[in-house]
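Chain order of the listed sequences is A and B. Here the numbering used here is used: the first residue of the first sequence is 374, the next is one more, and so on. Here the numbering used here is used: the first residue of the second sequence is -19, the next is one more, and so on. Written out below as C-alpha cells is the structure these notes cover.
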Amino acid sequence: MLDKMMEFTKFVAKFKFDGYAIGTAPHEVIFRQNKSCVRYFEPAERKGEPLFISMPLINKWAVFDLLPHKSVIRGLVDAGIPVYLLDWGTPQAEDAPVGMEELLDSVMRRALDRTRRHARNRWNTETLDALGYCVGGTVLAAYCGLYPDSFRRVALLAAPIDFRHAGRLATWADPETFPVDQIIDNHGNFPAELMGTSFVWLKPSTTPDKWKGLWERFDQPGFQDTWAAIEAWNSDSIDFWGEAYRSYIKNCYFQNMYFQDGWPIGGRKADLRKVMSPLHVFAADRDHICPPAAAFGAKDVWGGPVQCTELKGGHVGICLSSRLVKAIAAWSLEPEA
Amino acid sequence: MSEMPDLTKMSQQFYEQWEQGMTAWWDQVLENPAFLSALGENVANQSRMRGAYAKAVDENLTKMHLPTRGDLVRVARIATLLEEKVLTVEDHLLNIQDTLGRIEKEAITARIDAAETRIELREKLAALEARLEALEGGSPASSANRRPRAKKES
C-alpha cells in the first residue's frame, strides 16, 4: 500500500499535462487553408473507400490517435481504409469573424475538393465516405444539408443533432441566461478556458473520479499511459471560431434548427431532409456531453436511411475503445446495398 | 481480539457517500434558474470588462502612435483573406488542369479513332488493288490504260 502510494505520488508529481506525445501516427498534410489542414493517413493496402473525418472544433484532432495501441486512426488504416482527417486548427484573434459559411463553403468544400483529387490520383476513386465526431459531426451534417450528394455514406459519432436532448448543456445554453453575444463581441473567439471550465462543471464528480480512477487502476499495465494521454489531450483545448460559435449556439442550442427548416448558413438552409445518403449514428451510453437521445435524433430529420448503434463508454473514452474502431471499420467496409 | 476494520473499504464507502451527496447538491445548484441567471450575468459582465480593457489599451497605444492589437489583428485577417484569394486562383487553375486533361484525353481518343479509320481504309484500298491486279491478269493493254495508282497515305 505504501509502495503504491509512493509510486502514485511520484507519477503525479512528475506528470506534465502538456509534455505527452499524442497524435503520432505517420501522415502527410495534403492541404492547408488558414489554420485548418487535411491530414492523410495511408494504408498499406486499400480495402475500402477513402474516409473523410471531420474533427471537433473545440479540441485537437489527436483524440483519434492518443496512443499507438489505442488509436482510431491507426485501427482504420490497419483495416485498409485511407483516412483523410480535417483538422480545423486553432483559431487566433484574426479568425473571430470566421462564421459557419466560411468554414463550410470555403474550408470544408475546398478540403473535400483536394481530398477527392488526392484520392483520384492515389487510389483512382473520387467516392468518399464521411465521419464526423462531436461538434465536427454536427457541422458535417450541416455540410451534407447544403451539399446533399457529397458522400456515399455518412456516419456521426457522438454528434448532437436534436439539441432538446443535449442534457445539461442544453439547460445551460438558454437564451435567457447564456450571454453568447457579450462573450463573442468582447472575446472574439469563444475562449478555450471557458469551454474547459464549463465541461468540468457539466459533471462536477468527473474531477475527483478521475483521480480515484487513477488510484484504483494505477497498477494495471498500460493504464498510466492511457490516463496520461487523455489528460494531455484534455488540457490542450482550443478556442472556438467566434462567429461560427455564435451561429452554432443560436441555431442549434437555442432554436434546434435541424428540427425546423434547417440551420441557416450563408442565406441557405442546411436541411438534413434533403440528404439521401445512408447515415449511421454511433453514440456512447454514458455520454453526458452528447447523450444518445441527442445523437439518435438524427433519424427523425435525415432524408436517407438511418441506422443507430449505442456503444459502451463516455464522450471521450469511446475514442479509446477497440469496439469503436471495429464498428466504424465494419460500417465503412460494408458492401453497398 | 476483534478484527481490525478494513480502512480501504471504509474510505471507499466514505468516498462513495461523499460523491453521491455532492453530486445531488451540485445537480440542484447547476440546474437552478436563479444560479444560472446570476452566473450568466457574471460572465457577461466579465466579458464586457475585458472588452472595455482591450479598447482602453488600444486607445492608449493609438495616442502614443503605436500599432494596437486591433491593428495587428486586422493585418492578420487581411493576410487570411489574401490566402483565400490565392486559393480561389488555385481552384481555377486546378479546374483548368482538369479541363485540359479531359480535352487532351478526348484529343488522343480522336486521333486514335482517325488513325484506326485510316488503317481500315488503307487495308480496303490494298484489297481493292489486289483484286484489280488479279482481274487485269497479265493484259498489257489494259495495264497501260490504267489510271495512275492513288498516292499512298503516309
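Note that beta-carbon positions come from the ideal geometry of N, C-alpha and C, so glycine has one too. These numbers were taken from a predicted model, which means no experiment stands behind them.
Exercise. DSSP three-state call for B:E39: helix, strand or coil?
Worked result: Within the second sequence, the letter at position 59 stands for residue 39 of chain B. Helix, per DSSP.
Exercise. How is A:Y413 classed by DSSP in three states: helix, strand or coil?
Worked result: Against the first sequence, residue 413 of chain A aligns to sequence position 40. Strand.
Problem set entry | Simplified DSSP state of A:S427, which is helix, strand or coil | Working through the first sequence from its first residue, we reach residue 427 of chain A at position 54. Strand at A:S427.
Exercise. Start and end of the alpha helix (DSSP H) containing A:A514?
Worked result: In the first sequence, counting from the first residue as 1, residue 514 of chain A sits at position 141. A:A514 -> alpha helix (DSSP H) spans 508 to 519.
Exercise. What did DSSP end up calling A:Q633 once you bin it into helix, strand or coil?
Worked result: If you number the first sequence from 1, residue 633 of chain A lands on position 260. Coil, per DSSP.
Exercise. So what does DSSP say about A:E380, is it helix, strand or coil?
Worked result: Here residue 380 of chain A is taken as the residue at index 7 of the first sequence, counted from 1. In the structure shown, A:E380 sits in a helix (DSSP, three-state: H, G or I).
For this session: Within its chain, find whatever has a CB closer than 6 angstroms to the CB of A:R541; leave out the 5 residues flanking it on each side and keep chain order.
Result: As a first step, residue 541 of chain A is located in the first sequence; it is residue number 168 there, counting from the start. Within the same chain, A:R541 has close Cβ partners L575.
For this session: Measure how close the beta-carbons of A:S444 and A:F437 come, nearest whole angstrom, since I'm counting them as under 8 angstroms.
Result: Start at 1 with the first residue of the first sequence, and residue 444 of chain A comes out as number 71. Start at 1 with the first residue of the first sequence, and residue 437 of chain A comes out as number 64. Correct: roughly 7 angstroms between the Cβ atoms.
Problem set entry | Through-space distance from B:W(-2) to A:L375, alpha-carbon basis | For this step, residue 375 of chain A is matched to residue 2 along the first sequence. For this step, residue -2 of chain B is matched to residue 18 along the second sequence. Computed Cα separation, rounded: 24 angstroms.
Problem set entry | Contacting positions in the stretch 452 to 467 of chain A - beta carbon closer than 8 angstroms to chain B | Q465, A466, E467
Exercise. What three-state label does DSSP hand A:V654 in the structure shown?
Worked result: In the first sequence, residue 654 of chain A corresponds to position 281, counting from 1. If DSSP states are grouped into helix, strand and coil, A:V654 belongs with the strands.
Problem set entry | Members of the stretch 538 to 559 of chain A near chain B, C-beta cut-off 9 angstroms | R541, T544, W545, D547, E549, T550, F551, P552, D554, Q555, I556, I557, D558, N559
Exercise. Hey, does B:G81 have any beta-carbon neighbour from chain A nearer than 8 angstroms?
Worked result: Residue mapping note: residue 81 of chain B aligns to position 101 of the second sequence, counting from 1. Answer no: the Cβ-Cβ gap between B:G81 and chain A never drops below 8 angstroms.
Exercise. For B:S134, which three-state DSSP category applies?
Worked result: Sequence index remark: in the second sequence, residue 134 of chain B carries index 154 (1-based). Unreliable placement is indicated for B:S134, whose pLDDT of 44 sits below 50; no coordinate value is reported for it.
For this session: Under 8 angstroms between beta-carbons, which chain A residues line up against B:L74? List them in chain order, please.
Result: As a working mapping, residue 74 of chain B is identified with position 94 in the second sequence. Going along chain A in sequence order, the residues near B:L74 (Cβ under 8 angstroms) are D486, R490.
For this session: Using a Cβ-Cβ cut-off of 8 angstroms, state whether A:K585 counts as contacting chain B.
Result: Mapped onto the first sequence, residue 585 of chain A falls at position 212. Yes - at least one Cβ of chain B is within 8 angstroms of the one on A:K585.
Problem set entry | Extent of the continuous alpha helix (DSSP H) to which A:L458 belongs | Locating residue 458 of chain A in the first sequence gives position 85, where the first residue counts as 1. No alpha helix (DSSP H) holds A:L458; the beta strand (DSSP E) holding it covers 456 to 460.
Problem set entry | Assigned exposure category for A:V402 - 16 Cβ within 10 Å defines buried | As a first step, residue 402 of chain A must be located in the first sequence, where it is residue number 29. The residue in question, A:V402, is exposed, as its Cβ has fewer than 16 Cβ neighbours within 10 Å.
Exercise. Exposed or buried, what is A:Q406 when buried is set at 16 or more other beta-carbons lying within 10 Å of its beta-carbon?
Worked result: One-based indexing of the first sequence puts residue 406 of chain A at position 33. With 16 or more Cβ atoms within 10 Å of its Cβ, A:Q406 is classed as buried.
For this session: For B:A56, return the contacting residues in chain A, with the cut-off set at a CB-CB distance below 9 angstroms.
Result: In the second sequence, residue 56 of chain B corresponds to position 76, counting from 1. By Cβ distance, chain A contributes Q465, A466, E467, D468.
For this session: Return the chain-ordered list of same chain residues with a C-beta closer than 6 angstroms to the C-beta of A:F627, the five sequence neighbours on each side being excluded.
Result: Counting from one through the first sequence, the residue named residue 627 of chain A turns up at place 254. Cβ neighbours of A:F627 beyond the five flanking positions: P548.
For this session: For the stretch 0 to 9 of chain B and the stretch 573 to 587 of chain A, state whether three or more C-beta atom pairs, one from each stretch, are separated by less than 8 angstroms.
Result: yes
For this session: Tell me, to the nearest whole angstrom, how far the beta carbon of A:G505 is from that of A:F563; I am working on the premise that it is less than 8 angstroms.
Result: Residue mapping note: residue 505 of chain A aligns to position 132 of the first sequence, counting from 1. Residue mapping note: residue 563 of chain A aligns to position 190 of the first sequence, counting from 1. Not a contact, Cβ separation roughly 19 angstroms.
For this session: Would you tell me roughly how many angstroms separate the C-alpha atoms of A:I431 and A:S705, rounded to the nearest one?
Result: Your numbering for residue 431 of chain A matches position 58 in the first sequence. Your numbering for residue 705 of chain A matches position 332 in the first sequence. Going by the C-alpha atoms only, they are around 26 angstroms apart.
Problem set entry | As assigned by DSSP and simplified to three states, the class of A:T682 | As a working note, residue 682 of chain A is residue 309 in the first sequence. Strand, per DSSP.
Exercise. Looking at C-alpha atoms only, which residue of A:H688, A:F669, A:G686 is the closest neighbour of A:P678?
Worked result: Reading the first sequence from its first residue, position 305 is the one you call residue 678 of chain A. Ranking the options by Cα distance to A:P678, first place goes to A:F669.
Problem set entry | CA-to-CA distance, A:K408 to A:A484, given in whole angstroms | Residue numbering aside, residue 484 of chain A sits at position 111 when the first sequence is read from its first letter. Residue numbering aside, residue 408 of chain A sits at position 35 when the first sequence is read from its first letter. Computed Cα separation, rounded: 12 angstroms.
For this session: Check the C-beta distance from A:M568 over to A:F613 and give it rounded, since I have them as a contact under 8 angstroms.
Result: Translated into positions along the first sequence, residue 568 of chain A becomes position 195. Translated into positions along the first sequence, residue 613 of chain A becomes position 240. Confirmed, Cβ separation roughly 7 angstroms.
For this session: Taking 8 angstroms as the threshold, find out whether the stretch -16 to 2 of chain B comes into contact with the stretch 521 to 533 of chain A through three or more Cβ pairs.
Result: no
Exercise. Where B:V66 and A:V471 are concerned, what is the direct C-alpha to C-alpha distance, given to the nearest angstrom?
Worked result: Counting from 1 along the second sequence, the entry for residue 66 of chain B is found at position 86. Counting from 1 along the first sequence, the entry for residue 471 of chain A is found at position 98. Roughly 18 angstroms between the two C-alpha positions.
Exercise. What do you get for A:L693, buried or exposed, if any count of 16 or more other CB atoms within 10 angstroms of its CB means buried?
Worked result: The residue given as residue 693 of chain A occupies position 320 in the first sequence. Buried is the call here.
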